[in-house]
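Taken in sequence, the protein lines are chains P and G.
The working numbering applies: residue 1313 is where the first sequence begins, and numbers increase by one.
The working numbering applies: residue 13 is where the second sequence begins, and numbers increase by one.
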Amino acid sequence: MKSHSEHFIILSPIGEIEVSLLSAIAHSIKRIFGFPTQISSLFSDISFAYDNNRNQYNSTQILNQLSTFLPENASKILAITDVDLFIPILTYVYGEAQLGGISAILSVHRLTESTPLINSDAIISERICKEAIHEIGHIFNLKHCKDPACIMHYCRCIGDVDCKSDQLCRYCQILLTDELVKYKKVNNCD
Amino acid sequence: MSSIKILIVDDELIMRESLAGWLERDGHIVEKAESGEEALEKIKKTRFDILLLDIKMGGISGLEVLKTIKENDSDIEVVMITAYGSIPTAIEAIKNGAFDYLLKPFDPIELGIIIDKIIKHQAQERENLYLKAQHKDRTRFESLIGQSPPMQQVFNLVQDIAPVESTVLILGETGTGKGLAAKAIHTASPLSEGPFVVVNCGAIPEHLMETELFGHQKGAFTDASETKKGRLELAHGGTIFLDEIGEISMRMQIDLLRVLEDRVFYRVGGTQPIRVDFRVIAATNQNLEALIEKGIFREDLYYRLNVISFTMPPLRKRKEDLPLLANHFLRRFSQETKKQIDKISREAMDEIMVYEWPGNVRELENAIERAVVIGKHRSIQPNDLPLFKNHCHELSGGTSLKDIEKAHIVKILSDNNWNISKSAKILSVDRSTLYNKIKTYQIQKTS
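Structure (structure tokens):
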């Protein structure tokens, strides 16, 4: 039987992602989900997902590829990229996750827009951490939350991301606890 | 309301899949259809709240699907999905009853806004309908009547359950009288002097549910100009009836569970704990165990509610109560409308007895009310009950009278598990006549 700490989440950077940013995300994941993280670039060429007409990358195609790379001892994967993502029916997405699945992807592309002049690095890092947690929340079966302060709230604009907190609301916290109990049961960890 | 049920209709797999994934992460229940034909089949079997419908598809077009839906008077809201070139068609669709349209690929913000609008609109409609039904229920309490064995069992259960104050879960199809049974339990209980507070979990919009249940403190939010007691607080010392409990959202399930366990809650924006003591009766027409399997109903809440449970029998399983109920409604509506209609003709009663009544007592009540209103004779005639024509079992053009009689006898026997006395009573013949018919037509019991 594995202990909870033996399970980890892989952070897989695609493109140029600063190490300090990856560390901040890792810290947030530990705080919310209790899992340690490992930084490992699973693949870097995502040209297969590039759409010439839209000049964007199809996030679903990247996700499907990502899931095939999951090492045996890892729990989940979060890929982080600097390119602009889309799903076919929508003009853009900040990220995409397999609900209750294995992998998620987050784009920092639009999260770096509309930054204030002061303290911009910290604000960008905070936004990215919030949306990274949001996408991993989906992998743990959490859905969008109506509470605008909850990290699982779907943000319609950058301002909404800045306004929401870096915490789960009490409802989503309970739902996550339920999911983590299920996860531990299925994966035989204490 | 719990999750919204959405049907995506698009002949492009990639569009269906990507939209479904996005909507599922938004917490909705999603089904997909690749053609208009498949969509119409699905709509026949399942109730959807929203249809996201592509205009251009092979086979039946989106516009034709919309037309069929609107002709059938469905309350499903349709959002057309279209490409740039088809905007005039989308506008035409709106004229034909579509709620809105989206140009693909669409902005996620736009999609979210339209879905939110529909949810609010539908919740408002449901609340209005429920308020009307509640008003009607005030005069309908006496209609929990019946002499059939299944109803006698219900009456006995109500008598046994009433004094113990345990939580009760009432199951049963729509229109079987779950609310009336709950009221009967309350009336026969030691809490009968206290309030009987109804919460229709399916009718109250999710964004209002929290304040409806828990109340709010003055200043808790912009519109909270004064402190308001919630329904939980109003039920103190009496019974709270949670109707359509299967419709409650996951987040309200969490709060409700806490109240049921601790009997303490806080008003929205309040800091003082409020202690309450009430009996809980919940009802649903849904299979809660299946909802647990799907992950949309909490198992711990289910066990908290399912202390004592029973099922209200559907009307087709107690057909011997039909004359009693039909005459009861006839008396009431002829008094209310001051019309001199004092009986139901034998032919009309035959139709009432043959019909399956999928909407149960509520459907019967509505049918008799309608018959009284439109009736032109002293007795209700088959023509006053035209709705049956659509539902009675269909017979082919060349069917003889004997074939019809045989088919009808087989049906009644099989519906009543070959109980001869019961079947004879429904068929309005004596037992020996029925035996003779069985012999003549060589009807055999099939397993």
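Glycine included, each C-beta is placed from N, C-alpha and C at the ideal position.
Residue-level contact check: Ile121 (chain G) touches chain P, since one or more beta carbons of chain P fall below 8 angstroms from its beta carbon.
Taking 8 angstroms as the threshold, the shortest C-beta distance from Ile99 (chain G) to chain P does not fall below it. Within a 10 Å sphere around the beta-carbon of Pro326 (chain G) sit 16 or more other beta-carbons, which makes this residue buried. The residues Ser357, Ala360, in chain order, have a CB closer than 6 angstroms to that of Gln393 (chain G) in the same chain once the five nearest residues on each side in sequence are set aside. Collapsing the DSSP output to three states places Val422 (chain G) in a helix.
The C-alpha of Leu269 (chain G) is placed about 49 angstroms away from the C-alpha of Ser98 (chain G). Note that the C-beta distance between Gly282 (chain G) and Ala236 (chain G) is not below 8 angstroms. Taking 8 angstroms as the cut-off, the beta carbon of Leu114 (chain G) is found no closer than this to the beta carbon of Ile130 (chain G). Using a Cβ-Cβ distance cut-off of 8 angstroms, the segment 1317-1327 of chain P and the segment 1423-1431 of chain P are not in contact, since fewer than three pairs of beta carbons, one from each stretch, lie closer than that value. Chain P has no Cβ within less than 8 angstroms of the Cβ of Trp369 (chain G). Looking at the DSSP output, Ala193 (chain G) bridges to nothing. At a beta-carbon threshold of 7 angstroms, none of the residues of chain G lie near Lys1497 (chain P); the nearest stands roughly 13 angstroms away. Here Ile308 (chain G) carries a coil assignment [DSSP, helix/strand/coil].
Identification of chain G residues near Thr1372 (chain P) by a Cβ-Cβ cut-off of 9 angstroms yields Ile26, Glu29, Ser30, Gly33, ordered along the chain.
Contact between Ile257 (chain G) and Ala294 (chain G) is confirmed by a C-beta separation of about 4 angstroms, below the 8 angstroms threshold.
Chain-ordered, the chain G residues with CB closer than 9 angstroms to the CB of Pro1400 (chain P) read Glu24, Ile26, Met27, Glu29, Ser30, Leu31, Lys116, Pro117. Unbroken beta strand (DSSP E) runs of no fewer than 3 residues, entirely contained in the segment 1348-1388 of chain P, are found at 1349-1351, 1368-1370, following chain order. Contact with chain G is found for Lys1455 (chain P), since one of that chain's Cβ atoms lies less than 8 angstroms from the residue's Cβ.
Spanning the alpha carbons of Glu53 (chain G) and Tyr453 (chain G) requires a straight line of approximately 37 angstroms. Three or more beta-carbon pairs separated by less than 8 angstroms link the segment 70-83 of chain G to the segment 103-113 of chain G, which places the two stretches in contact. Listed in chain order, the non-local C-beta contacts of Phe1381 (chain P) below 6 angstroms within the same chain comprise Leu1354, local neighbours out to five positions each way being set aside. As DSSP reads the structure, Gly227 (chain G) sits in a beta bridge with G:Lys241.
In the DSSP assignment, the residues bridged to Lys355 (chain G) are G:Ser391. Assignment of beta-bridge partners to Tyr113 (chain G) by DSSP yields G:Met92.
In the structure shown, the three-state DSSP call for Arg28 (chain G) is helix. The residues Tyr1369, Asn1370, Phe1398, in chain order, have a CB closer than 8 angstroms to that of Asp1363 (chain P) in the same chain once the five nearest residues on each side in sequence are set aside. If you ignore the 5 residues before and after Glu377 (chain G), its C-beta comes within less than 6 angstroms of the C-beta of Phe341, all in its own chain and listed in chain order. A contact between stretches requires three or more CB pairs, one per stretch, nearer than 8 angstroms, and the segment 296-309 of chain G meets this requirement with the segment 176-191 of chain G. Between the alpha carbons of Val180 (chain G) and Phe290 (chain G) lies a distance of about 12 angstroms. Between the segment 158-172 of chain G and the segment 262-276 of chain G, the count of C-beta pairs closer than 8 angstroms stays below three; the two stretches do not touch. As DSSP reads the structure, Ile1392 (chain P) sits in a beta bridge with P:Pro1325, P:Leu1418.
If you look at Ala247 (chain G), you'll find it isn't in any alpha helix (DSSP H); DSSP assigns it neither H nor E.
Taking a contact to require three or more Cβ pairs closer than 8 angstroms, the segment 1481-1489 of chain P and the segment 1445-1459 of chain P qualify as touching. In the structure shown, Gly1471 (chain P) adopts helical secondary structure according to DSSP, grouped into three states. Each residue's CA atom was taken as its position, placing Thr1427 (chain P) and Cys1475 (chain P) some 13 angstroms apart.
Here the alpha carbons of Asn372 (chain G) and Arg328 (chain G) stand approximately 8 angstroms from one another.
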